[in-house]
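Student:
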Amino acid sequence: MDWLDDGPISGEDLMAEIIEFYPETVDYLAGIGMHCLSCSSSQLETLNEACHAHNLRPGPVVAELNRIVTE
């Protein structure tokens, strides 16, 4: 899966870490329905798990997050 190699973020990263290290991703995540960015589950939930919980495909989300943080 090429999208895994396109940047520093992967589906296995914890949501809390993505938000902490890449705050520029918050608007995008909220815009796709991930409004629980500050909830306690974000501390233990991976991006893949969060996508599954919100009925999103992880691949495009990872690709967009990596595009945001590498521009």
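Numbering (our numbering), first residue to last: 26 to 96.
Using N, Cα and C, we set each Cβ at its ideal position, and we do this for glycine too.
Among the candidates Pro33, His79 and Val94, whose CA atom is the shortest distance from the CA of Ala55?
Tutor: The candidate whose alpha carbon is nearest that of Ala55 is His79.
Student: Name, in chain order, the residues that DSSP records as bridge partners for Leu39.
Tutor: Thr71
Student: Which residues mark the beginning and the end of the alpha helix (DSSP H) in which Asn80 is found?
Tutor: Looking at the DSSP string, Asn80 is not in any alpha helix (DSSP H), and its letter there is neither H nor E.
Student: Between Val87 and Leu72, what straight-line distance do the alpha-carbon atoms span, to the nearest angstrom?
Tutor: If you take the alpha carbons of Val87 and Leu72, they lie about 8 Å apart.
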